[in-house]
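J.: Next up is a structure, given as structure tokens.
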Amino acid sequence: MMYPFMTLDDQTEIVHSEMHPDGTVKVYIEKPDEKDGFHAAYCCLPGYQWTDIIGFDEDAIERYQEILESTAHLILRFAQEGGFDSAANF
2 MMYPFMTLDD QTEIVHSEMH PDGTVKVYIE KPDEKDGFHA AYCCLPGYQW
52 TDIIGFDEDA IERYQEILES TAHLILRFAQ EGGFDSAANF
């Protein structure tokens, strides 16, 4: 299951998986694109291994890396607790 985490001002969506038994969490980033449909990439936390990058250039991945580095502690916590809504008791 994937849990919503954040929508950026350019309509980029960031969602994450539950925490896997090995302590990793898969983060999926997707941005609508008029020409290509969507740009997308996966990042596995806590090691920040990027895979399946489609349509994003290096600058975009660096920007998303910075965002994930500043919020990874929240994503990892929410992944253990069933997403933001569960962690926030909504």
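Here the working numbering is used: the first residue of the sequence shown is 2, the next is one more, and so on.
The beta carbon of each residue, even a glycine, is placed where N, CA and C say it ideally should be.
1) CA-CA distance, residue 65 and residue 59?
2) For residue 27, write down the residues that DSSP places opposite it in a beta bridge.
3) Given this structure, state the Cα-to-Cα distance separating residue 67 from residue 37, to the nearest angstrom.
4) Hey, how far is the Cα of residue 49 from the Cα of residue 63?
5) Measuring CB to CB, does residue 42 end up less than 8 Å from residue 34?
6) On a Cα-Cα basis, can you pick out the residue from 8, 13, 46 and 20 that is closest to residue 57?
7) Within the same chain, show all residues whose beta-carbon is closer than 6 Å to that of residue 17, passing over the 5 residues directly before and after it, in chain order.
8) Compare the Cα-Cα distances from residue 10 to each of 31, 22 and 20 and report the closest residue.
T.: Well, looking at it:
1) Residue mapping note: residue 65 aligns to position 64 of the sequence shown, counting from 1. Residue mapping note: residue 59 aligns to position 58 of the sequence shown, counting from 1. Rounded to the nearest angstrom, the two C-alpha atoms are 10 Å apart.
2) As a working mapping, residue 27 is identified with position 26 in the sequence shown. In DSSP, residue 27 forms a bridge with 45.
3) Residue numbering aside, residue 67 sits at position 66 when the sequence shown is read from its first letter. Residue numbering aside, residue 37 sits at position 36 when the sequence shown is read from its first letter. For residue 67 and residue 37, the distance between alpha carbons rounds to 25 Å.
4) Working through the sequence shown from its first residue, we reach residue 49 at position 48. Working through the sequence shown from its first residue, we reach residue 63 at position 62. So the alpha carbons of these two residues sit roughly 11 Å apart.
5) On the sequence shown, residue 42 is found 41 positions in, with the first residue counted as 1. On the sequence shown, residue 34 is found 33 positions in, with the first residue counted as 1. Contact flag unset, no.
6) Locating residue 57 in the sequence shown gives position 56, where the first residue counts as 1. Out of 8, 13, 46 and 20, 13 has the C-alpha closest to the C-alpha of residue 57.
7) As a working note, residue 17 is residue 16 in the sequence shown. Counting only Cβ-Cβ distances below 6 Å, and skipping sequence neighbours, we find 4, 6, 26, 28, 76 and 80.
8) Position 9 of the sequence shown holds residue 10. Of 31, 22 and 20, the residue nearest in Cα terms is 31.
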